[in-house]
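Colleague: Each residue of the sequence shown is one higher than the one before, starting from 234 at the first, in the working numbering.
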Amino acid sequence: MTLRIFLLLIITVAVSIGLTAIVIPMMKRWHFQQFQREEGPQSHMVKQGTPSMGGIGIVLALIIGCLVGGLLFRGCLGLDMVVMILTTILFGVVGFTDDYNKAAKKQNEGLSPIQKIIFQVVIAVCFAVYVGYISPAGTTVWIPFADIYVDFGIWYIPFIVFVLLAMTNSVNLTDGMDGLASGVTTFVAVTLAICGMYFMNMPAIVFCLALCAACMGFLFFNKYPAKIFMGDTGSMALGAALTAAAIAMKAELLLPIAGLIYVLEALSVIIQVGVFKKTGKRVFRMAPLHHHFEEGGMKETKVVLMFWLVAIVCCALTLLIVFA
234 MTLRIFLLLI
244 ITVAVSIGLT
254 AIVIPMMKRW
264 HFQQFQREEG
274 PQSHMVKQGT
284 PSMGGIGIVL
294 ALIIGCLVGG
304 LLFRGCLGLD
314 MVVMILTTIL
324 FGVVGFTDDY
334 NKAAKKQNEG
344 LSPIQKIIFQ
354 VVIAVCFAVY
364 VGYISPAGTT
374 VWIPFADIYV
384 DFGIWYIPFI
394 VFVLLAMTNS
404 VNLTDGMDGL
414 ASGVTTFVAV
424 TLAICGMYFM
434 NMPAIVFCLA
444 LCAACMGFLF
454 FNKYPAKIFM
464 GDTGSMALGA
474 ALTAAAIAMK
484 AELLLPIAGL
494 IYVLEALSVI
504 IQVGVFKKTG
514 KRVFRMAPLH
524 HHFEEGGMKE
534 TKVVLMFWLV
544 AIVCCALTLL
554 IVFA
């Protein structure tokens, strides 16, 4: 089994590197590039014009990785796997539409928040209905520490919709520095793959391994200084993929622990906006949180490394909770 896991990772990483290498000149040719916010960090203005929509390569590599996993691990390429892939693609399409609108308008504004939420809710409801009432998984949720399963009943669908939207948009907010979102997601994905062994969910294990490898391949080009950004195409797809896998293995409540970085990024924005509207003052120098440290004088590479280390600690804690 170890050899097959190694083959899956190597093949998917290679595919991800190859696809991203193809996507970069395509995005340059079509002028699908990053447009920095005027109110954003001034140090990021040099990134203006860097190709975006690199998430296309990540999603394609993930799909190919899952197909390879289906050949290496018999029985994992079933309906559950298909639904996880489809959910990832659909959220990626929402992100792609947003990125495309930004490129067409040549500014950092794509879909309106209302449009994004409507599309995301529709996809999330469909996924929740499948998991809760069509797949064998049912409406139960595993509770960490207590190690019991609780049936959420009629509250399961709104709970899943909330988790899916919250995590997807949190990953989207995390994608603001070279290698930040792709690196953190690599750690969280491999952690969920290991947790999948405890929950004995082979489709989720293979899916998470393929996701981890796809991010690793993309990181080859996305590390500082980034040659391409994933855009909303990638960040929304990654958030959906992580959440879909966690839901499939009934480990939704592990996401805020392993993905604490995503949670902190989202909370920083919520706090900043809420306090500013009430008092006119800012809690952070700039939100999301990674910009707070950058505006404080830390180099981008050091901020990313710090967030990676925090993510590794959180992932280790998650494994202790599951296997201790």
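Glycine is no exception: its CB is placed at the ideal position from the N, C-alpha and C atoms.
Residues in its own chain within less than 6 Å of L536 by CB, not counting five upstream and five downstream?
Modeller: As written in the sequence, residue 536 is Val, which differs from the Leu given in the question. Counting only Cβ-Cβ distances below 6 Å, and skipping sequence neighbours, we find H523, F526 and E527.
Colleague: Starting from Y382, follow the beta strand (DSSP E) in both directions and report where the run begins and ends.
Modeller: Residues I381 to D384.
Colleague: Should V327 be labelled buried (16 or more other beta-carbon atoms within 10 Å of its own) or exposed?
Modeller: Answer is buried; the Cβ neighbour count reaches 16.
Colleague: If contact is defined by three or more beta carbon pairs under 8 Å, each pair taking one atom from either stretch, is the segment 491-511 in contact with the segment 388-397?
Modeller: no
Colleague: For Q520 versus V546, is the C-beta distance shorter than 8 Å?
Modeller: Correcting the residue identity first, residue 520 is Ala in this sequence and not Gln. Not in contact: A520 and V546 (Cβ atoms no closer than 8 Å).
Colleague: Against chain D, with Cβ distances strictly below 8 Å, would I381 count as a contact?
Modeller: Protein chain content of the structure displayed is limited to a single chain, and chain D is not contained in it.
Colleague: Go ahead and label P346 buried or exposed: buried means 16 or more other beta carbons lie within 10 angstroms of its beta carbon, across all protein chains shown.
Modeller: exposed
Colleague: Taking only the alpha-carbon atoms, compute the straight-line gap between L444 and L500 and give it to the nearest angstrom.
Modeller: 25 Å
Colleague: Given a threshold of 16 other Cβ atoms within 10 Å of its Cβ, counted over all protein chains shown, does L452 qualify as buried or as exposed?
Modeller: buried
Colleague: Any idea if F281 is buried or exposed, counting beta-carbon neighbours within 10 angstroms, 16 or more meaning buried?
Modeller: Residue 281 is actually Gln in this sequence, not Phe. So Q281 counts as exposed.
Colleague: Using DSSP bridges, identify the partner residues of P458.
Modeller: DSSP lists no partner for P458.
Colleague: At 4 residues or longer, and completely inside the segment 332-420: list those alpha helix (DSSP H) runs for me, N to C.
Modeller: 346-366 and 389-407
Colleague: For the 8 Å Cβ check, are there 3 or more pairs between the segment 465-484 and the segment 417-425?
Modeller: Counting Cβ pairs under 8 Å, three or more are found: they touch.
Colleague: Compare the Cα-Cα distances from F385 to each of N405, T401 and A361 and report the closest residue.
Modeller: A361
Colleague: Relative to the C-alpha of I356, which candidate in K514, L538, V316 and F556 has its C-alpha closest?
Modeller: V316
Colleague: CA-CA distance, A459 and S415?
Modeller: 11 Å
Colleague: Per DSSP, which residues does Q266 bridge with? Please list them.
Modeller: P284
Colleague: Identify, in the order they occur along the chain, each residue of the same chain with its Cβ nearer than 6 Å to the Cβ of G492, setting aside the five sequence neighbours on each side.
Modeller: V421
Colleague: Going by Cα to Cα distance, which pick from G467, I255, A544 and Q348 is closest to L497?
Modeller: It is A544 whose Cα lies nearest to the Cα of L497.
Colleague: What do you reckon, are the CB atoms on A470 and V246 nearer than 8 Å?
Modeller: Contact flag unset, no.
Colleague: Looking only at its own chain, which residues have a Cβ that is under 6 Å from the Cβ of L487, when we skip the five neighbours before and after it?
Modeller: T551
Colleague: Just the Cα atoms here: how many angstroms apart are C428 and L236?
Modeller: The C-alpha of L236 is placed about 19 Å away from the C-alpha of C428.
Colleague: Apart from the five residues on each side of it in sequence, which residues of its chain come closer than 8 Å, Cβ to Cβ, to G308?
Modeller: M435
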